[in-house]
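A.B. asks:
Number of protein chains: 4
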Amino acid sequence: MAKLYFYYAAMNAGKSTTLLQSSHNYEERGMRTMVLTPKLDDRFGEGKVASRIGLEKNAETFEGDEDLYVWIAHEHNREKLSCVLVDESQFLTPIQVLQLTLVVDKLKIPTLCYGLRSDFRGEPFPGSVYLLAWADELIEIKTICKSGKKATMNARLDEEGNRVTEGEQIAIGLNYEAQSRDVFELDKVTPLNYQIPES
Amino acid sequence: MAKLYFYYAAMNAGKSTTLLQSSHNYEERGMRTMVLTPKLDDRFGEGKVASRIGLEKNAETFEGDEDLYVWIAHEHNREKLSCVLVDESQFLTPIQVLQLTLVVDKLKIPTLCYGLRSDFRGEPFPGSVYLLAWADELIEIKTICKSGKKATMNARLDEEGNRVTEGEQIAIGLNYEAQSRDVFELDKVTPLNYQIPES
Amino acid sequence: MAKLYFYYAAMNAGKSTTLLQSSHNYEERGMRTMVLTPKLDDRFGEGKVASRIGLEKNAETFEGDEDLYVWIAHEHNREKLSCVLVDESQFLTPIQVLQLTLVVDKLKIPTLCYGLRSDFRGEPFPGSVYLLAWADELIEIKTICKSGKKATMNARLDEEGNRVTEGEQIAIGLNYEAQSRDVFELDKVTPLNYQIPES
Amino acid sequence: MAKLYFYYAAMNAGKSTTLLQSSHNYEERGMRTMVLTPKLDDRFGEGKVASRIGLEKNAETFEGDEDLYVWIAHEHNREKLSCVLVDESQFLTPIQVLQLTLVVDKLKIPTLCYGLRSDFRGEPFPGSVYLLAWADELIEIKTICKSGKKATMNARLDEEGNRVTEGEQIAIGLNYEAQSRDVFELDKVTPLNYQIPES
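Sequence order for the protein chains is A, B, C and D. So for the first sequence, my numbering puts the first residue at 1; every next one is plus one. So for the second sequence, my numbering puts the first residue at 1001; every next one is plus one. So for the third sequence, my numbering puts the first residue at 2001; every next one is plus one. So for the fourth sequence, my numbering puts the first residue at 3001; every next one is plus one.
1. List the residues of chain G that tyrosine 2114 of chain C touches, going by C-beta distances under 9 Å, in chain order.
2. Assign proline 1226 of chain B to buried or exposed, taking buried as 16 or more other Cβ atoms, counted over all protein chains shown, within 10 Å of its Cβ.
3. In terms of alpha-carbon separation, which member of B/Thr1061, B/Leu1092, B/Ile1095 and B/Leu1107 lies closest to cysteine 1083 of chain B?
4. So with Cβ pairs under 8 Å, would you call glutamine 2021 of chain C a contact of chain B?
5. Excluding sequence positions up to five away, which residues of its chain have a Cβ less than 6 Å from the Cβ of glutamine 2099 of chain C?
6. To the nearest whole angstrom, what separates the beta carbons of threonine 61 of chain A and threonine 37 of chain A, a pair I think is in contact under 8 Å?
7. Name the chain D residues that come within less than 7 Å of tyrosine 26 of chain A, Cβ to Cβ?
8. At which residue ranges does the region 17-96 of chain A contain complete alpha helix (DSSP H) runs of 4 or more residues, listed in the order of the chain?
9. Where does alanine 1013 of chain B fall in DSSP's three states?
10. From what residue to what residue does the alpha helix (DSSP H) around phenylalanine 184 of chain A run?
11. If you follow the beta strand (DSSP E) that alanine 155 of chain A is in, where does it begin and where does it stop?
12. If you draw a straight line from the alpha carbon of glutamate 88 of chain A to that of glutamate 140 of chain A, how long is it in whole angstroms?
13. Rounded to a whole number of angstroms, what is the C-alpha to C-alpha distance between glycine 3127 of chain D and leucine 1174 of chain B?
14. Can you list, in chain order, the residues of its chain with a C-beta nearer than 7 Å to that of glutamate 75 of chain A? Leave out the 5 residues immediately preceding and following it.
15. Check tyrosine 3008 of chain D in the structure and name its three-state DSSP category.
16. Expressed to the nearest angstrom, what Euclidean distance is found between the alpha-carbon atoms of glutamate 3056 of chain D and asparagine 3025 of chain D?
17. Roughly how many angstroms separate the alpha carbons of valine 86 of chain A and glutamate 2159 of chain C, rounded to a whole number?
18. What is the DSSP secondary structure of proline 3124 of chain D, counted as helix, strand or coil?
19. Quick check on asparagine 2154 of chain C - is its C-beta less than 8 Å from some C-beta in chain B?
20. Below 8 Å between beta carbons: does that hold for valine 2097 of chain C and leucine 2138 of chain C?
21. My guess is that alanine 3010 of chain D and alanine 3178 of chain D are in contact by the Cβ rule of under 8 Å, so how many angstroms apart are they, rounded?
22. Let's see if you can read the secondary structure: which residues bound the beta strand (DSSP E) around tyrosine 114 of chain A?
23. Under a Cβ-count criterion, where at least 16 other Cβ atoms within 10 Å of its own Cβ denotes burial, should alanine 3171 of chain D be classed as buried or exposed?
24. Give the single residue among C/Ser2023, C/Lys2015, C/Leu2092 and C/Ile2053 whose Cα lies nearest to the Cα of lysine 2039 of chain C.
25. Mapping DSSP to helix, strand and coil, what is tyrosine 194 of chain A?
26. Can the beta-carbon of phenylalanine 6 of chain A be found closer than 8 Å to that of cysteine 113 of chain A?
27. When we look at the beta-carbon of aspartate 3065 of chain D and count the other beta-carbons within 10 Å, is it buried (16 or more) or exposed?
28. Taking a contact to mean a Cβ-Cβ separation below 8 Å, would you say threonine 1101 of chain B touches tryptophan 1071 of chain B in this structure?
29. According to DSSP, simplified to helix, strand and coil, what is alanine 1133 of chain B?
30. Given that asparagine 3162 of chain D touches chain A, what residues does it touch there, using C-beta distances under 9 Å?
31. Under three-state DSSP, which class holds lysine 1150 of chain B?
32. Which of helix, strand or coil does DSSP assign to leucine 174 of chain A?
33. Taking only three categories from DSSP, how would you classify leucine 1138 of chain B?
34. Based on the DSSP secondary-structure assignment, which residues constitute the bridge partners of serine 1118 of chain B?
35. Determine whether the beta carbon atoms of arginine 52 of chain A and asparagine 77 of chain A lie at a separation below 8 Å.
36. In this structure, what does DSSP give as the bridge partners for valine 1164 of chain B?
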């Protein structure tokens, strides 16, 4: 039975490595996959999924106004797809997440999305909000904070390595560090604006 | 190490049963727990967590403007708490979810939240958005759709058992049915307004 | 797609509660379940699954020489079964675990087994060895040790509450306490006979 | 809090890739890891962990009579270890698994074991029996069977690609294929010797 999977992790946990391995597992059995990556992420050249430990693969790039259901249905019609894999899936629009649920439910193609849960101030990405709400399986790829705890948040750093807490949600190419929630100091950076009252 | 857990499930999966069992496990070892439930859910009498299979327990009720960090810190100070359990946690405000992360990170009290991911039209609840983004562990409590598939969505039904797709997000006391995503027909009820183009 | 699930936990985590809730979820949707429990466990009266928080339900009892595949196939033939649930599944024989894999793979009936992983000296139960090796999903039901850590081991206690480390693997009706692995002192009680060398 | 993790999977799911990524994640943060692999697995040259998608790393090799606790304690004493990773961990002896629980519980070093659950006839490996019984976290690395289902079993093939169902448990360098349990035909190859009775 096809399912929508959301493999979530903090930065640099190995999401792309896991995606490339999964795609490879299908191809090794003679099954065809389609790998998608958002156009805005061109760190490794447009149309590539690359992992920090040295793997890479060509991928189709999509933009926010692309109808992923129509595109994938067309490709599937042309030649059967056994799996769809989406890198940096936090950048999907909510409607694109809906389209991926239809890829799973109507076309019966297993769909594996890899992405972050929240941004440099702890705000959930719109795509992640809907993946977390609708995916059939939520699976964490674990990584470590310098504190030794599990890292779940993503701090933004400037060129000198100093913490940045203001700016746009999306800023490709800046430095990020995966941190545990207390090292990240969520209460200090979230736009929710809450302070523990003094007693 | 204390963690924030989000046990998510569709309606009637047994969330309250699991909460009551977990609280019992602590109490049986002589450890003190605090059980919280939102004030608006008074189906079983205000201040009660009850399961459909016949268990119940008194609980503290909270409203959306309550500072849960301050309240729990006060209780913990009065007498050590080993665990905080929150029923119907989809009704937490985002700031209350933040307060619970501080209960975990500053007071080191394990906190177990039980709730739905999305509402009768598939929209994520605000509290769930932040629990899904910030919890240390996302754990599904599985249940079954009448179709035999796993149920992940929550359809609202009127008194005659007919599907309702318009109305307020929160409507306590109406009937709900846990459904799989395709039985639920997410694309037909979501306010995102998307239709598969005719080819 | 039918699957074989092994819900494992330490003693008193709430396995029977979870089993009763799951069976209830099916029955509530008009689906028929079959609940099995080993004959040797007659703590609550033969042929009952009971939870410490006050729930109970009649169950079929089986012995080690029963062919569970034949029995379940017969029942399924008589009237469709939507789910099979097995309590205290650590007491299954390896061949009975094999029979349950065939219930899943040939009869396509989802099968949920609830049980312990290891005994009072840390030795895995024969039934659990094969459930852990062959189940499609391994899902932990968590509980707490008096130390505050997760409990994964099962200490046997005599009537005065003293630890017992010699005796038969199966001793129904004695007292057990769920403990974390370090409180349990696995290296001191395992028949593997290992001692950290003095340096 | 240090934990013993067992990442289990069928053949060729990407266990070594995941191990190499995890070790990299630690090293990237300036933390020291120790990678262990059994001596009998010299497919990629003795003392190497290699993944089929092109990654590799030097590793320490161990044999069945090695005291892993003593060795790791010595290394940790010399220079702090933040993580121990064990490839092909199904080949650990039961006592070595016990030693790894002590690495976690006494030395407080997180230990990540990667391995198979069962062999070419469905029999659990001795090391896996104890990892499955004692690990703090059991995490599946999923892969696909040619049937499209999840692969959980490991079929042995000869040079012509024909299924082999007799032989030694350990035979490095032969070909293996990850299969779902029904494609594997567990009931036909298990030494448990069970046949569905004719009715």
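Even glycine gets a Cβ: it sits at the ideal position worked out from N, Cα and C.
C.D. replies: Let me lay it out:
1. Judged by its chain identifiers, the structure shown contains no chain G, and its protein chains are A, B, C and D.
2. Residue 1226 of chain B cannot be examined here, being either before or after the span of chain B that is shown, 1001 to 1199.
3. Position 83 of the second sequence, counted from the first residue, corresponds to residue 1083 of chain B. Out of B/Thr1061, B/Leu1092, B/Ile1095 and B/Leu1107, B/Leu1107 has the C-alpha closest to the C-alpha of cysteine 1083 of chain B.
4. Counted from its first residue, the third sequence places residue 2021 of chain C at position 21. By this cut-off, glutamine 2021 of chain C is an interface position.
5. If you number the third sequence from 1, residue 2099 of chain C lands on position 99. For glutamine 2099 of chain C, where only same-chain residues beyond five positions count, the Cβ hits under 6 Å are Leu2068 and Tyr2069.
6. If you number the first sequence from 1, residue 61 of chain A lands on position 61. If you number the first sequence from 1, residue 37 of chain A lands on position 37. Threonine 61 of chain A to threonine 37 of chain A, Cβ: 6 Å. Contact.
7. Residue numbering aside, residue 26 of chain A sits at position 26 when the first sequence is read from its first letter. In chain order: Ile3144.
8. 68-78
9. As a working note, residue 1013 of chain B is residue 13 in the second sequence. Note: alanine 1013 of chain B maps to coil in three-state DSSP.
10. Position 184 of the first sequence, counted from the start, is the residue given in the question as residue 184 of chain A. Residues 181-184.
11. Against the first sequence, residue 155 of chain A aligns to sequence position 155. First-last of the beta strand (DSSP E) with alanine 155 of chain A: 153-157.
12. The residue labelled residue 88 of chain A in the question sits at position 88 within the first sequence. The residue labelled residue 140 of chain A in the question sits at position 140 within the first sequence. Their Cα atoms are separated by approximately 15 Å.
13. Taking the fourth sequence and counting its residues from 1, one reaches residue 3127 of chain D at position 127. Taking the second sequence and counting its residues from 1, one reaches residue 1174 of chain B at position 174. Answer to the nearest angstrom: the Cα atoms are 53 Å apart.
14. Within the first sequence, numbered from 1, the residue matching residue 75 of chain A stands at position 75. So the list reads Met34 and Leu81, once near-sequence residues are dropped.
15. On the fourth sequence, residue 3008 of chain D is found 8 positions in, with the first residue counted as 1. Correct three-state label for tyrosine 3008 of chain D: strand.
16. Within the fourth sequence, numbered from 1, the residue matching residue 3056 of chain D stands at position 56. Within the fourth sequence, numbered from 1, the residue matching residue 3025 of chain D stands at position 25. Cα-Cα distance, rounded: 15 Å.
17. For the purposes of this step, residue 86 of chain A is taken as residue 86 along the first sequence, with counting starting at 1. For the purposes of this step, residue 2159 of chain C is taken as residue 159 along the third sequence, with counting starting at 1. Between valine 86 of chain A and glutamate 2159 of chain C, the C-alpha separation is close to 58 Å.
18. On the fourth sequence, residue 3124 of chain D is found 124 positions in, with the first residue counted as 1. Here proline 3124 of chain D sits in strand by DSSP.
19. Counting from one through the third sequence, the residue named residue 2154 of chain C turns up at place 154. Cβ-Cβ to chain B under 8 Å: no for asparagine 2154 of chain C.
20. Position 97 of the third sequence, counted from the first residue, corresponds to residue 2097 of chain C. Position 138 of the third sequence, counted from the first residue, corresponds to residue 2138 of chain C. In this structure, leucine 2138 of chain C does not lie closer than 8 Å to valine 2097 of chain C by Cβ.
21. To locate residue 3010 of chain D, count along the fourth sequence from 1; it is residue 10. To locate residue 3178 of chain D, count along the fourth sequence from 1; it is residue 178. Contact holds; Cβ gap of about 4 Å.
22. Your numbering for residue 114 of chain A matches position 114 in the first sequence. That run of the beta strand (DSSP E) goes 111-115.
23. Reading the fourth sequence from its first residue, position 171 is the one you call residue 3171 of chain D. It counts as exposed.
24. To locate residue 2039 of chain C, count along the third sequence from 1; it is residue 39. Ranking the options by Cα distance to lysine 2039 of chain C, first place goes to C/Leu2092.
25. Mapped onto the first sequence, residue 194 of chain A falls at position 194. Three-state result, tyrosine 194 of chain A: coil.
26. Numbered from 1 along the first sequence, position 6 holds the residue referred to as residue 6 of chain A. Numbered from 1 along the first sequence, position 113 holds the residue referred to as residue 113 of chain A. Yes; because the gap between Cβ atoms is below 8 Å, this pair is in contact.
27. Here residue 3065 of chain D corresponds to residue number 65 of the fourth sequence, with the count starting at 1. Looking at its Cβ environment, which holds fewer than 16 other Cβ atoms inside 10 Å, aspartate 3065 of chain D is exposed.
28. Stepping through the second sequence from its first residue, residue 1101 of chain B is reached at position 101. Stepping through the second sequence from its first residue, residue 1071 of chain B is reached at position 71. Not a contact, by the Cβ cut-off of 8 Å.
29. Walking along the second sequence from the start, residue 1133 of chain B turns up at place 133. Here alanine 1133 of chain B sits in helix by DSSP.
30. Against the fourth sequence, residue 3162 of chain D aligns to sequence position 162. By Cβ distance, chain A contributes nothing, its closest Cβ being about 18 Å from asparagine 3162 of chain D, past 9 Å.
31. Numbered from its first residue, the second sequence carries residue 1150 of chain B at position 150. Strand, per DSSP.
32. Position 174 of the first sequence, counted from the first residue, corresponds to residue 174 of chain A. Reduced to three states, the DSSP call for leucine 174 of chain A is coil.
33. For the purposes of this step, residue 1138 of chain B is taken as the residue at position 138 of the second sequence. Reduced to three states, the DSSP call for leucine 1138 of chain B is strand.
34. Residue 1118 of chain B sits at position 118 when you count from the first residue of the second sequence. B/Pro1124, per the DSSP bridge assignment.
35. Along the first sequence, one-based indexing puts residue 52 of chain A at 52. Along the first sequence, one-based indexing puts residue 77 of chain A at 77. Result no, Cβ atoms of arginine 52 of chain A and asparagine 77 of chain A do not sit closer than 8 Å.
36. Start at 1 with the first residue of the second sequence, and residue 1164 of chain B comes out as number 164. Beta-bridge pairing links valine 1164 of chain B to B/Arg1156.
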